[in-house]
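Per the numbering used here, the sequence shown runs over residues 328 to 542.
Backbone N, C-alpha and C fix where the C-beta goes; we use that ideal spot for every residue, glycine too.
Because the structure is a prediction, the values reported are computed rather than measured.
Here's the structure, in structure tokens; my notes come after.
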Amino acid sequence: MKLYAHPFSSYCQKALIALYENDTPFEFKLLEDEASMAELAALWPLKRFPVLEDDGRTIFETTSIIEHLAVHHPGPVRLIPDDPAAAVEVRMMDRVFDNYISSPQQKVVFNAIRPEADRDPYGVAEAKQVLDTTYAWLDERLAGQEWATDHGFSLADCAAAPALFYADWTHPIDARFETLKAYRARLLARPSMARAVDEARPYRAYFPLGAPDRD
Numbered sequence: 328m329k330l331y332a333h334p335f336s337s338y339c340q341k342a343l344i345a346l347y348e349n350d351t352p353f354e355f356k357l358l359e360d361e362a363s364m365a366e367l368a369a370l371w372p373l374k375r376f377p378v379l380e381d382d383g384r385t386i387f388e389t390t391s392i393i394e395h396l397a398v399h400h401p402g403p404v405r406l407i408p409d410d411p412a413a414a415v416e417v418r419m420m421d422r423v424f425d426n427y428i429s430s431p432q433q434k435v436v437f438n439a440i441r442p443e444a445d446r447d448p449y450g451v452a453e454a455k456q457v458l459d460t461t462y463a464w465l466d467e468r469l470a471g472q473e474w475a476t477d478h479g480f481s482l483a484d485c486a487a488a489p490a491l492f493y494a495d496w497t498h499p500i501d502a503r504f505e506t507l508k509a510y511r512a513r514l515l516a517r518p519s520m521a522r523a524v525d526e527a528r529p530y531r532a533y534f535p536l537g538a539p540d541r542d
């Protein structure tokens, strides 16, 4: 298998966590220049990453990559439960972290990259409001749980780890949300996420809002 990715990307980290959890062998194709991006474009013209190439199959979208791994390269860590009802809950929480943490977080970051004349302060304020609302909901939802659901470390936690990692840099989680902050800390201590974070350290200067001196 080949994973076309960059270590500083949150969605690439999500896929890497899944691969590291089960020590799944793969080749990392670093997207760092025009040649590597041309390879990516040949597989997926939108050039969004990560993209997984496996035995002639091209899989894009990180959740689909993790679903593919669960079907074709299962390991001891069952990131998607076998029980259908449990799997629904895991998939639901995966969407929460992607849509209501990662998406608004990235909106704030992408706005900072734009020329000042093209920035959207209303959209940034709206994105931060979504983050605050989701932080509060998660703080209550996660009470008494080790991971995102009661079904062990899962796809949902693969999504949560990089989403909360970067979201807290972009729009800090309020100190009153102790449950959510503790969950983020557990995610960062998970060996798979710790490895992904360490591999991304050389690229912290890329963060347009200024990477904080922590984590």
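Report back the beta-carbon spacing between residue i and residue j to the nearest angstrom; my notes put them in contact at under 8 Å.
{"i": "Lys329", "j": "Glu354", "result": "5 Å"}
{"i": "Glu416", "j": "His478", "result": "7 Å"}
{"i": "Gln340", "j": "Ala523", "result": "4 Å"}
{"i": "Tyr331", "j": "Leu367", "result": "5 Å"}
{"i": "Asp421", "j": "Phe492", "result": "Not quite, the Cβ-Cβ distance comes to about 16 Å (not below 8 Å), so this is no contact."}
Cβ-heavy atom distance between residue i and the ligand ZN below 7 Å?
{"i": "Thr476", "result": "In the structure shown, the ligand ZN is absent, as is every other ligand, since no ligand is present at all."}
Just to confirm before moving on: does the CB-CB distance between residue i and residue j stay below 8 Å?
{"i": "Gln432", "j": "Ala494", "result": "yes"}
{"i": "Phe437", "j": "Trp496", "result": "no"}
{"i": "Tyr347", "j": "Ser519", "result": "yes"}
{"i": "Leu370", "j": "Glu361", "result": "no"}
{"i": "Tyr530", "j": "Phe335", "result": "yes"}
By how many angstroms is the C-alpha of residue j removed from the C-alpha of residue i?
{"i": "Ala342", "j": "Ser429", "result": "14 Å"}
{"i": "Ile440", "j": "Leu536", "result": "9 Å"}
{"i": "Ala414", "j": "Phe376", "result": "25 Å"}
{"i": "Val404", "j": "Val378", "result": "22 Å"}
{"i": "Arg446", "j": "Ile386", "result": "33 Å"}
{"i": "Leu357", "j": "Asp525", "result": "16 Å"}
{"i": "Val312", "j": "Ala454", "result": "The chain is shown only over 328 to 542; residue 312 falls outside these bounds and no answer can be derived."}
{"i": "Met364", "j": "Gln472", "result": "40 Å"}
{"i": "Ala521", "j": "Leu515", "result": "6 Å"}
{"i": "Val423", "j": "Ala345", "result": "18 Å"}
{"i": "Arg517", "j": "Val398", "result": "23 Å"}
{"i": "Tyr528", "j": "Ala444", "result": "Here residue 528 turns out to be Arg, not Tyr, going by the sequence shown. Going from the Cα of Arg528 to the Cα of Ala444 covers about 31 Å."}
{"i": "Thr351", "j": "Met419", "result": "25 Å"}
{"i": "Gly402", "j": "Ala532", "result": "35 Å"}
{"i": "Ala463", "j": "Leu396", "result": "32 Å"}
{"i": "Arg384", "j": "His333", "result": "20 Å"}
{"i": "Gly450", "j": "Asn426", "result": "15 Å"}
{"i": "Pro408", "j": "Pro442", "result": "45 Å"}
{"i": "His400", "j": "Ala475", "result": "23 Å"}
{"i": "Leu406", "j": "Asn349", "result": "9 Å"}
{"i": "Pro448", "j": "Ala490", "result": "22 Å"}
{"i": "Ala412", "j": "Asp540", "result": "41 Å"}
{"i": "Ala452", "j": "Pro372", "result": "32 Å"}
{"i": "Ala512", "j": "Asp382", "result": "37 Å"}
{"i": "Asp410", "j": "Glu359", "result": "40 Å"}
With a cut-off of 8 Å, does the C-beta of residue i fall near any C-beta of chain C?
{"i": "Leu367", "result": "Protein chains in the displayed structure number just one, and chain C is not present."}
- Item | Touch test, the segment 385-394 against the segment 471-488, Cβ-Cβ under 8 Å, three pairs minimum | yes
- Query: Are at least three pairs of beta-carbons, each pair with one atom in the segment 457-464 and one in the segment 497-514, less than 8 Å apart?
  - Reply: yes
- Message: Does the segment 505-519 come into contact with the segment 463-470, if we say contact requires no fewer than three beta-carbon pairs (one atom in each stretch) closer than 8 Å?
- Response: yes
- Task: Enumerate, from N- to C-terminal direction, the unbroken alpha helix (DSSP H) stretches of 4 or more residues contained entirely within the segment 354-400.
- Result: 361-370, 389-399
- Message: Please give me, in chain order, every unbroken run of the alpha helix (DSSP H) with length at least 4 that falls completely inside the segment 429-504.
- Response: 430-440, 448-468, 482-497
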